[in-house]
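Everything on this sheet refers to the single structure shown next.
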Amino acid sequence: MLAADLRRLDNIMIYPQVVDLPLQVDASSWSWSKIQDNNFWIGHEINGTKWLVKGRGSFYALRERAAAYLLQTVGINSQSSSFLILPDNSLPVTEKPDIERYQLAIRYIDEHDGDCVDLDSCPLDKLNDQFDKAREKVSFLKTNPISNIIDWVKVDVMACLCGANEPSGRLFSRDHKMYVIDNEQMFSTKPSNPIVDIDWFEEEYDATINLTLDLCERLSKINKRDIQLFTAIPDGYVVNELWSITKLIEFTVQYAKDFFKQYGC
3 MLAADLRRLD NIMIYPQVVD LPLQVDASSW SWSKIQDNNF WIGHEINGTK
53 WLVKGRGSFY ALRERAAAYL LQTVGINSQS SSFLILPDNS LPVTEKPDIE
103 RYQLAIRYID EHDGDCVDLD SCPLDKLNDQ FDKAREKVSF LKTNPISNII
153 DWVKVDVMAC LCGANEPSGR LFSRDHKMYV IDNEQMFSTK PSNPIVDIDW
203 FEEEYDATIN LTLDLCERLS KINKRDIQLF TAIPDGYVVN ELWSITKLIE
253 FTVQYAKDFF KQYGC
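Residue numbers for the sequence shown follow our numbering, beginning at 3 and rising by one.
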């Protein structure tokens, strides 16, 4: 086996789904470091597992985790997370004594950078140029070899369906997979903007409507028990819930049902 292949295997991670993670993680034995550019922290378990802590507080934590759980349920490759209560001796508390103790720990994803093991054959190297030149951009993403890159379109649709203030972000991992990240702006309000007004429909209507209908069909199958799982909160964890996330997810499901009924025939 070539050395490059060995390095590639070392970089490939089996990234867990939300359902595979504990509802809450214990950070009492973690060591900590800081991401200076973003003012975020990384918690390090003894076994090497890393968690990103953004310090946004309990309400954003609930929205981020519920959105990620929902996105993964409809087949979108989102980052995963668990609730966290910051210990008094943790770096976030040491640096910001007034920080809310009830936070979210996002399972860390090693981001793709310039030191790619695939060198000149890296599929991300020419992505922007290929995308700009593509006449049918949605179809281009559907057939692109980068894993899950079609989720770029799907998550923009989901932003409308989930009443987001802004779409979630995108991150490319070292093993060339795309992950949806930064879901905390989901469930800001009820679904309201017409989905067909987003730019992807103007780029390529037929391909985008087919993706949207598939998402709406999947959302239509979500029931109250699913929503309870999405919005579950661990014992002893306090959420400053400014509005009901459960209700907004119910609105999302109903909106999806109505959209599928109207456009899916």
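Ideal Cβ positions, reconstructed from N, Cα and C, are used throughout, including at glycine.
Looking at C-alpha atoms only, which residue of the options is the closest neighbour of residue i?
{"i": "Leu129", "options": "Ile16, Ser149 and Asp260", "result": "Ser149"}
{"i": "Asn91", "options": "Ser33, Phe85, Ser123 and Asp122", "result": "Ser33"}
{"i": "Ala166", "options": "Phe174, Pro147, Met188 and Tyr181", "result": "Met188"}
{"i": "Lys259", "options": "Leu231, Asp228 and Lys223", "result": "Lys223"}
{"i": "Arg227", "options": "Leu244, Thr248, Tyr207 and Asp216", "result": "Thr248"}
{"i": "Ile48", "options": "Asp28, Val55, Gly57 and Lys56", "result": "Asp28"}
{"i": "Leu72", "options": "Ile151, Ile152, Ile229 and Gly50", "result": "Ile229"}
{"i": "Ala161", "options": "Pro236, Leu54, Phe133 and Ile200", "result": "Ile200"}
{"i": "Glu113", "options": "Val159, Gln132, Cys164 and Leu173", "result": "Leu173"}
{"i": "Ser64", "options": "Arg220, Leu244, Gln256 and Lys263", "result": "A small correction: the amino acid at residue 64 is Leu; Ser does not occupy that position in the sequence shown. For the residues Arg220, Leu244, Gln256 and Lys263, the minimum Cα distance to Leu64 belongs to Leu244."}
{"i": "Tyr257", "options": "Asp131, Val76, Ala107 and Ser194", "result": "Ser194"}
{"i": "Thr214", "options": "Thr145, Tyr265 and Ile235", "result": "Tyr265"}
{"i": "Ser123", "options": "Ala107, Phe133, Pro147 and Leu106", "result": "Pro147"}
{"i": "Leu179", "options": "Pro236, Asp115, Leu163 and Glu66", "result": "As written in the sequence, residue 179 is Lys, which differs from the Leu given in the question. It is Asp115."}
{"i": "Asn212", "options": "Asp127, Lys98 and Val159", "result": "Val159"}
{"i": "Ile235", "options": "Cys218, Gln132 and Tyr62", "result": "Tyr62"}
With a CB to CB cut of under 6 Å and the five nearest residues on each side skipped, what residues in its chain are close to residue i?
{"i": "Asn13", "result": "A caution first: Asn13 carries a pLDDT of 41, below 50, which makes its placement in the model unreliable, though a value can still be read off. The answer, listed in chain order, is Arg176 and Asp177."}
{"i": "Leu93", "result": "Trp34 and Trp43"}
{"i": "Leu4", "result": "Here the model assigns Leu4 a pLDDT of 40, short of 50, so the residue's position is not dependable, and the following value carries that caveat. For Leu4, where only same-chain residues beyond five positions count, there are no Cβ hits under 6 Å."}
{"i": "Asn79", "result": "Asn150, Asp153 and Tyr181"}
{"i": "Phe142", "result": "Ala136"}
{"i": "Phe203", "result": "Thr210"}
{"i": "Ile183", "result": "Gln81, Gly171 and Leu173"}
{"i": "Ser246", "result": "none"}
{"i": "Glu97", "result": "none"}
{"i": "Lys144", "result": "Ile152"}
Considering only their Cβ atoms, is the gap separating residue j from residue i smaller than 8 Å?
{"i": "Lys156", "j": "Glu205", "result": "no"}
{"i": "Asn242", "j": "Ser60", "result": "yes"}
{"i": "Pro89", "j": "Ser30", "result": "yes"}
{"i": "Thr254", "j": "Ala68", "result": "no"}
{"i": "Gln19", "j": "Gln74", "result": "yes"}
{"i": "Asn53", "j": "Tyr110", "result": "In the sequence under discussion, the amino acid at residue 53 is Trp, which differs from the Asn named in the question. Yes, the Cβ-Cβ distance between Trp53 and Tyr110 is below 8 Å."}
{"i": "Phe262", "j": "Ile197", "result": "no"}
{"i": "Ala107", "j": "Gly45", "result": "yes"}
{"i": "Val76", "j": "Leu231", "result": "no"}
Near residue i, what residues of its chain come up, given a Cβ to Cβ distance below 7 Å and the 5 sequence neighbours on each side ignored?
{"i": "Glu102", "result": "Gly59 and Ser60"}
{"i": "Tyr239", "result": "Gln26, Phe85, Ile87 and Tyr104"}
{"i": "Ala70", "result": "Val20, Ser80, Gln81, Ser82, Ser83 and Asn185"}
{"i": "Leu250", "result": "Gly165, Phe189 and Lys192"}
{"i": "Glu66", "result": "Ser83, Leu106, Asn185 and Glu186"}
{"i": "Leu11", "result": "Because Leu11 carries a pLDDT of 38, less than 50, the predicted location of this residue cannot be relied on, and the following value inherits that uncertainty. Correct list: empty, nothing qualifies."}
Would you list the one or two residues that DSSP bridges to residue i?
{"i": "Lys36", "result": "Trp43"}
{"i": "Ile108", "result": "Leu54 and Ser83"}
{"i": "Glu113", "result": "Ser175"}
{"i": "Ser30", "result": "Paired residue(s): none; Ser30 is not in a bridge."}
{"i": "Met160", "result": "DSSP lists no partner for Met160."}
In chain order, what residues of the same chain have a beta carbon less than 8 Å from the beta carbon of residue i, not counting five sequence neighbours either side?
{"i": "Asp22", "result": "Ser82"}
{"i": "Val95", "result": "Leu88, Pro89, Ile101 and Arg103"}
{"i": "Pro24", "result": "Ser84"}
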